[in-house]
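In this note's numbering, the protein residues as written are 834 to 917.
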Amino acid sequence: MTDASLIREHMEVIGADGVHVGTVDKVEGQRIKLTKRDSGEGAHRGHHHFIPLSLVAEVEGQKVRLSANSDVAVTFEEEQSDPT
834 MTDASLIREH MEVIGADGVH VGTVDKVEGQ RIKLTKRDSG EGAHRGHHHF IPLSLVAEVE
894 GQKVRLSANS DVAVTFEEEQ SDPT
């Protein structure tokens, strides 16, 4: 696992396949909190999604690359309602 202190707000999160997964809002505990802008539509709208830090393969410049392809990484996402 990569050093979580290297992960910064507004970095792009991409899968191992190079496909956009989300944008970092912040790191909370052992998870990356993604911005609401990347939260999807419908039932997912208005929720922050989280990616476990265990999926981070490396931090390259302004990108966080995951060890899983984007389509697999989103299956690991957790969501949380945020009233704000």
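A virtual CB, placed ideally from N, CA and C, is assigned to each residue, including glycine.
Fair warning: this is a prediction, and the values are worked out from it, not measured in the lab.
Nearest to His-843 (by Cα), restricted to the options Val-892, Pro-885 and Asp-836:
As a working note, residue 843 is residue 10 in the sequence shown. Cα-wise, what sits closest to His-843 is Val-892.
Give me the DSSP bridge partner(s) of Lys-859.
What you label residue 859 is simply residue 26 of the sequence shown in a count that begins at 1. Lys-866.
Could you compute how far the alpha carbon of Ser-900 sits from the alpha carbon of Gly-862?
The residue you call residue 900 lines up with position 67 of the sequence shown. The residue you call residue 862 lines up with position 29 of the sequence shown. Looking at the two C-alpha atoms, the distance is approximately 19 Å.
Return the residue from the list Thr-908, Gly-894, Phe-909 and Asn-902 that minimises the CA-CA distance to Glu-845.
Locating residue 845 in the sequence shown gives position 12, where the first residue counts as 1. It is Gly-894.
Measuring straight from C-alpha to C-alpha, what distance separates Lys-896 and Lys-866?
Here residue 896 refers to the residue found at position 63 of the sequence shown. Here residue 866 refers to the residue found at position 33 of the sequence shown. For Lys-896 and Lys-866, the distance between alpha carbons rounds to 15 Å.
Cα separation between Ile-847 and His-853?
Walking along the sequence shown from the start, residue 847 turns up at place 14. Walking along the sequence shown from the start, residue 853 turns up at place 20. Approximately 5 Å between the Cα atoms of the pair.
With C-beta atoms as the reference, is Arg-898 less than 7 Å away from Ala-890?
Counted from its first residue, the sequence shown places residue 898 at position 65. Counted from its first residue, the sequence shown places residue 890 at position 57. Yes, they are a contact pair.
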